[in-house]
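Okay, so here's the structure we're looking at.
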Amino acid sequence: MNYRNAYVFTENFRFEKTGFSVVDGKFADVGMEKANAIDLEGAFVIPGLIDVHNHGNSSKDFSDGSYAGDVTMGRYLASRGVTSFAPATMTLPYETIARALEAGLRLHKDPLPNCARLLGVQMEGPFFSEKKKGAQNGDYLRLPDFEAFRKLFEDSEGLIRIVDLAPELPGSVDFVRRAKELCTVSIAHTDSAYEDAKAAIEAGVTHLTHLYNAMPPIHHRKPGVIGAASEADTVYAELICDGIHVHPSSVRMAFKLFGASRMVLISDALRCCGMPEGEYELGGQRVWLKDHIARLADGTIAGSATNLYDCMLNAIRFGISKEDAVRAATWNPAHQIGKLNLVGSIANGKLADFVICDDALNRKSVYLAGCEVQV
Numbered sequence: 000m001n002y003r004n005a006y007v008f009t010e011n012f013r014f015e016k017t018g019f020s021v022v023d024g025k026f027a028d029v030g031m032e033k034a035n036a037i038d039l040e041g042a043f044v045i046p047g048l049i050d051v052h053n054h055g056n057s058s059k060d061f062s063d064g065s066y067a068g069d070v071t072m073g074r075y076l077a078s079r080g081v082t083s084f085a086p087a088t089m090t091l092p093y094e095t096i097a098r099a100l101e102a103g104l105r106l107h108k109d110p111l112p113n114c115a116r117l118l119g120v121q122m123e124g125p126f127f128s129e130k131k132k133g134a135q136n137g138d139y140l141r142l143p144d145f146e147a148f149r150k151l152f153e154d155s156e157g158l159i160r161i162v163d164l165a166p167e168l169p170g171s172v173d174f175v176r177r178a179k180e181l182c183t184v185s186i187a188h189t190d191s192a193y194e195d196a197k198a199a200i201e202a203g204v205t206h207l208t209h210l211y212n213a214m215p216p217i218h219h220r221k222p223g224v225i226g227a228a229s230e231a232d233t234v235y236a237e238l239i240c241d242g243i244h245v246h247p248s249s250v251r252m253a254f255k256l257f258g259a260s261r262m263v264l265i266s267d268a269l270r271c272c273g274m275p276e277g278e279y280e281l282g283g284q285r286v287w288l289k290d291h292i293a294r295l296a297d298g299t300i301a302g303s304a305t306n307l308y309d310c311m312l313n314a315i316r317f318g319i320s321k322e323d324a325v326r327a328a329t330w331n332p333a334h335q336i337g338k339l340n341l342v343g344s345i346a347n348g349k350l351a352d353f354v355i356c357d358d359a360l361n362r363k364s365v366y367l368a369g370c371e372v373q374v
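Per numbering that gives the first Met the number 0, the very first residue in the sequence shown carries number 0; after that it's consecutive.
Printed below as a string of structure tokens:
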């Protein structure tokens, strides 16, 4: 299939008036306009979005360990323009995490039509600080344990693409040095001082999980994790842009601190995403969704009830340029899970996952491997 007369988001990270083709489910002839092509009449075309931190939606949670649930999640995401995802586990027993990975591996190996690709997993927990556990279940917190992680990694055939830890915990630096050879290592749910964070970054950390949330704030005498990560050019930072977890001013600040080249928009969505207000479950804990905010019984804000596409639109509404917001929801997350060879941009040879939008990037239609997603 050939397309022309569109503003295509290219690997130059800008919209260019051009065309492209889809051959055998992959992009081809990007930058060429063929005479017999479908006229997109000036529509905008962006790569399919990639959510590397997503717990669930549609009453399903990845940690349930249900293949059918993962498919339900993937179909919801695809319908919203999120064509790939790396769902996140929780702070749970290793056996529960293993079951979730087993179910995820099945969908990873055999992608389905109208279903977002499960390209990896973010192992969020259990190597976290009690003080900053947030909505994680404190009963299952553990010190960094590389052998336990490696077993999960190997049993899931390398499905884990990001593993999180609090760098102030004993054994963190050694864990980072060993785990970085297998996947991206991220700082998360931490009360770390600047010095511990810097040591972990020097050992190989290249990611920061949900910037601002579940970590110390910036202080002029205690720059902490945020200070250490912002000055390390190798570290990318996730950002929940649901308009609740992070103030719009702090969204703009994050893009200035890290630059668009290192920002990763995420949803951190829970099973209540796409669902009505009411009571739900997260990692064995009760969660209430009210006024678009998910909270534990003690009032702690849990994850979000917003999908990544809406988070991207929020970022634009908060003052981030369309180009920077799209990059942070496509190229950068693909880079962090090591899948830039497959997805993340509209380029020859990559999977033809894309979204056709209006000039404000409101979704018009979604394509997976060149086939329009049927809602």
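Note that the Cβ used here is the ideal one computed from N, Cα and C, for glycine as well.
All figures in this text were calculated on a predicted structure; none of them were measured in a lab.
Range covered by the beta strand (DSSP E) that runs through S229: As a working note, residue 229 is residue 230 in the sequence shown. Per DSSP, S229 belongs to no beta strand (DSSP E); it is in the alpha helix (DSSP H), G223 to S229.
Minimum length 4: unbroken alpha helix (DSSP H) runs contained in the stretch 54-117: 66-78 and 93-108, all fully within the stretch 54-117.
Cβ contact check for the stretch 167-176 and the stretch 89-96: 3 or more pairs under 8 Å: Judged by Cβ distances under 8 Å, the stretch 167-176 makes no contact with the stretch 89-96, as fewer than three pairs qualify.
Bounding residues of the alpha helix (DSSP H) (the contiguous stretch that carries M0): Along the sequence shown, one-based indexing puts residue 0 at 1. For M0, there is no enclosing alpha helix (DSSP H), as DSSP gives it neither H nor E.
Three or more C-beta pairs below 8 Å linking the stretch 54-69 and the stretch 5-22: With contact defined as three or more Cβ pairs closer than 8 Å, the stretch 54-69 and the stretch 5-22 are not in contact.
At least 3 beta-carbon pairs within less than 8 Å: the stretch 124-144 vs the stretch 180-194: Flag = yes, the stretch 124-144 and the stretch 180-194 touch.
DSSP three-state assignment for P46, whether helix, strand or coil: Here the question's residue 46 lines up with position 47 in the sequence shown. Of the three classes helix, strand and coil, the one that applies to P46 here is strand, per DSSP.
Cβ neighbours of G80 in the same chain (closer than 7 Å, five flanking residues each side left out): Locating residue 80 in the sequence shown gives position 81, counting from the first residue. So the qualifying residues of the chain are G47, L48, Y308, V354, R362 and V365.
Three-state secondary structure (DSSP) of Q373: Here the question's residue 373 lines up with position 374 in the sequence shown. Correct three-state label for Q373: coil.
G348 beta carbon less than 8 Å from that of W330: Position 331 of the sequence shown, counted from the start, is the residue given in the question as residue 330. Position 349 of the sequence shown, counted from the start, is the residue given in the question as residue 348. For W330 and G348, no; Cβs fall outside 8 Å.
Which listed residue (V44, I161 and G258) has its alpha carbon closest to that of G369: Counting from 1 along the sequence shown, the entry for residue 369 is found at position 370. When each option's Cα is compared against that of G369, the closest is V44.
Spatially closest choice to E123 from D154, S185 and E180, by CA coordinates: Reading the sequence shown from its first residue, position 124 is the one you call residue 123. When only C-alpha atoms are compared, the closest one is S185.
Candidates N4, H246 and H52, of which the one nearest G41 by Cα: Locating residue 41 in the sequence shown gives position 42, counting from the first residue. Put simply, of N4, H246 and H52 the residue whose alpha carbon is nearest the alpha carbon of G41 is N4.
Given 8 Å, three or more beta-carbon pairs between the stretch 199-219 and the stretch 142-160: Result no; under three Cβ-Cβ pairs closer than 8 Å.
Simplified DSSP assignment, three categories, for A359: For this step, residue 359 is matched to residue 360 along the sequence shown. The three-state secondary structure of A359, taken from DSSP, is coil.
Whole-number beta carbon distance between G302 and P247, since they are thought to touch under 8 Å: Position 248 of the sequence shown, counted from the first residue, corresponds to residue 247. Position 303 of the sequence shown, counted from the first residue, corresponds to residue 302. Not confirmed; about 19 Å, so no contact.
Three-state class that DSSP yields for Q335 in the structure shown: As a working mapping, residue 335 is identified with position 336 in the sequence shown. Helix at Q335.
Proximity below 8 Å, CB of V234 to CB of H206: Taking the first residue of the sequence shown as 1, we reach residue 234 at position 235. Taking the first residue of the sequence shown as 1, we reach residue 206 at position 207. Yes, the pair counts as a contact, with Cβ atoms nearer than the cut-off.
Limits of the alpha helix (DSSP H) - the one that Y193 falls within: As a working mapping, residue 193 is identified with position 194 in the sequence shown. Counted as a single uninterrupted DSSP element, the alpha helix (DSSP H) harbouring Y193 occupies residues Y193 to A202.
For D163: DSSP bridge partner residues: Sequence index remark: in the sequence shown, residue 163 carries index 164 (1-based). Answer is S185, bridged to D163.
Closest Cα partner of V120 within the set S229, I265 and V51: The residue given as residue 120 occupies position 121 in the sequence shown. The option with the nearest alpha carbon to V120 is V51.
Secondary structure of V325, DSSP reduced to three states: By 1-based counting over the sequence shown, the position of residue 325 is 326. Note: V325 maps to helix in three-state DSSP.
Pair within 8 Å by beta-carbon distance, A36 and G73: Working through the sequence shown from its first residue, we reach residue 36 at position 37. Working through the sequence shown from its first residue, we reach residue 73 at position 74. Contact flag unset, no.
Among Q284, T305 and E15, the one whose alpha carbon lies nearest that of T299: Here residue 299 corresponds to residue number 300 of the sequence shown, with the count starting at 1. Among Q284, T305 and E15, the Cα nearest to that of T299 belongs to Q284.
Residues near S78 by beta carbon distance below 8 Å, same chain, minus five either side: Residue 78 sits at position 79 when you count from the first residue of the sequence shown. Excluding positions up to five away in sequence, the list reads N113, V365, V372 and V374.
Identity of the residue in F152, P166, L151 and G133 nearest L142 by Cα: For the purposes of this step, residue 142 is identified with residue 143 of the sequence shown, where counting begins at 1. If we check each option's Cα against that of L142, P166 comes out closest.
CA-to-CA distance, K255 to A198, given in whole angstroms: Here residue 198 is taken as the residue at index 199 of the sequence shown, counted from 1. Here residue 255 is taken as the residue at index 256 of the sequence shown, counted from 1. Spanning the two alpha carbons is a distance of roughly 24 Å.
Three-state secondary structure assigned by DSSP to Y366: As a first step, residue 366 is located in the sequence shown; it is residue number 367 there, counting from the start. Note: Y366 maps to strand in three-state DSSP.
Whole-number beta carbon distance between A227 and F257, since they are thought to touch under 8 Å: Numbered from 1 along the sequence shown, position 258 holds the residue referred to as residue 257. Numbered from 1 along the sequence shown, position 228 holds the residue referred to as residue 227. In fact, because the Cβ distance is near 12 Å, the residues do not count as touching under 8 Å.
Under 8 Å between C-beta atoms of L264 and Y279: Indexing the sequence shown from 1 puts residue 264 at position 265. Indexing the sequence shown from 1 puts residue 279 at position 280. Result no, Cβ atoms of L264 and Y279 do not sit closer than 8 Å.
Nearest-angstrom beta carbon gap, C310 and D241 [assumed within contact, 8 Å]: By 1-based counting over the sequence shown, the position of residue 241 is 242. By 1-based counting over the sequence shown, the position of residue 310 is 311. Going by Cβ atoms, the distance from D241 to C310 rounds to 6 Å, so yes, they are a contact pair.
Test item: CB-CB of D358 and H54 under 8 Å: If you number the sequence shown from 1, residue 358 lands on position 359. If you number the sequence shown from 1, residue 54 lands on position 55. In this structure, H54 does not lie closer than 8 Å to D358 by Cβ.
Where D309 sits in the DSSP three-state scheme: On the sequence shown, position 310 is the one that residue 309 refers to. D309 sits in a helix when the DSSP states are folded into three classes.
DSSP bridge partner residues for H206 (one or two, in chain order): Position 207 of the sequence shown, counting from 1, holds the residue named residue 206. According to DSSP, which records beta bridges pairwise, H206 is partnered with S185 and Y235.
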